[in-house]
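J.: All the letters of the sequence shown, read from the start, carry residue numbers 22 to 202 under the numbering used here.
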Amino acid sequence: MKAVRLEGVGNIALREVGKPAAGPDDLLVRIEACGVCGTDRHLFHGEFPCMPPVTLGHEFSGIVEAIGTAVSDFSVGDRVTGDPNIACGSCPHCRAGRINLCHNLIAIGIRRDGGFAEYVVLPRKQAFSLPKDLKPTHGAFCEPLGCCLHGLDLAQIRPGSSVAVLGGGVIGLLTVQLARL
Numbered sequence: 022m023k024a025v026r027l028e029g030v031g032n033i034a035l036r037e038v039g040k041p042a043a044g045p046d047d048l049l050v051r052i053e054a055c056g057v058c059g060t061d062r063h064l065f066h067g068e069f070p071c072m073p074p075v076t077l078g079h080e081f082s083g084i085v086e087a088i089g090t091a092v093s094d095f096s097v098g099d100r101v102t103g104d105p106n107i108a109c110g111s112c113p114h115c116r117a118g119r120i121n122l123c124h125n126l127i128a129i130g131i132r133r134d135g136g137f138a139e140y141v142v143l144p145r146k147q148a149f150s151l152p153k154d155l156k157p158t159h160g161a162f163c164e165p166l167g168c169c170l171h172g173l174d175l176a177q178i179r180p181g182s183s184v185a186v187l188g189g190g191v192i193g194l195l196t197v198q199l200a201r202l
């Protein structure tokens, strides 16, 4: 399959790589859409730690093509997106319910192959069903949308609140739209 790989700082290439296989607790997802995030730019410039070579892309949606033997709540043909942040579940932050601060976080598209490819392996616990009629590009927006919702929740934004959002990128624009709700 084809994949866009970060091979080192400033070095991205389209490569032919082996098609991954789903493990017992995984879904094999055929990518329909994958967003380009500011994080990908930071990875390219060496401003964020990662482990090249790696297939970039953590904002994706696609169709389940295969399921692992231990997966019972997804089926081949389901449309899904994924939370790219795989927490260990055992560090102090995870045990306190703050998995976003996990000491051993493995991020899809950063420390493990991501969605800038024809297929990605998605752990079942990271998968979320999408409506069949949702556009794939909209499904790929779930990850940045979730980041914005989390930020608004932490800031305790309520109807009628005044907000200032610095930055006019995807995250800033989504946050402005959500704050207006």
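Every residue gets a Cβ at the ideal spot worked out from N, C-alpha and C, and that includes glycine.
Less than 7 Å between C-beta atoms, sequence neighbours within five positions excluded: which residues of the same chain meet that for ALA54?
T.: Excluding residues within five positions, the ones whose Cβ falls inside 7 Å are PHE81, SER82, PRO157, THR158, GLY160 and ALA161.
J.: Give a yes or no on whether the C-beta atoms belonging to ILE131 and CYS169 are separated by under 8 Å.
T.: The answer is no: Cβ separation not under 8 Å.
J.: From this set, VAL92, PRO73, ILE33 and VAL25, which residue's C-alpha is nearest ALA148's C-alpha?
T.: Closest by alpha carbon: VAL92.
J.: Which value, in whole angstroms, describes the spacing of the CA atoms of ALA138 and LEU48?
T.: So the alpha carbons of these two residues sit roughly 15 Å apart.
J.: Residue ranges of each alpha helix (DSSP H) run of no fewer than 4 residues wholly in the stretch 36-70, ordered along the chain?
T.: The stretch 36-70 contains these whole alpha helix (DSSP H) runs: 59-65.
J.: To which residues of the same chain is ALA245 closer than 8 Å at the C-beta, ignoring the five residues directly before and after it?
T.: The shown model of the chain, from 22 to 202, leaves out residue 245, and the question about it has no answer.
J.: When you compare only the Cα positions, how much space is there between GLU68 and GLY59?
T.: Those two C-alpha atoms are separated by around 11 Å.
J.: LEU151 and PRO74 look like a contact to me (Cβ under 8 Å); what is the Cβ gap, rounded to whole Å?
T.: Contact flag wrong, Cβ pair sits at about 29 Å.
J.: Identify every residue that forms a DSSP beta bridge with THR76.
T.: ARG26.
J.: Hey, could you find the ends of the beta strand (DSSP E) THR90 is sitting in?
T.: Per DSSP, THR90 belongs to no beta strand (DSSP E) and is neither H nor E.
J.: Here's a check: name, in chain order, each residue in its chain whose Cβ is nearer than 8 Å to the Cβ of CYS112, leaving out the five neighbours to either side.
T.: These residues qualify, in order along the chain: CYS123, HIS124 and ASN125.
J.: Among residues of its own chain, excluding the 5 on either side of GLY44, which ones have a beta-carbon nearer than 6 Å to its beta-carbon?
T.: Closer than 6 Å at Cβ, skipping near neighbours: GLY89.
J.: Based on the DSSP output, what are the partners of PRO144 in its beta bridges?
T.: ASP47, per the DSSP bridge assignment.
J.: So what does DSSP say about ALA33, is it helix, strand or coil?
T.: Inspection of the sequence shows that residue 33 is occupied by Ile rather than by Ala. It is a strand residue.
J.: Write down the C-beta distance between VAL186 and ILE178 rounded to the nearest angstrom, noting that I regard them as a contact closer than 8 Å.
T.: 10 Å between Cβ atoms; not a contact.
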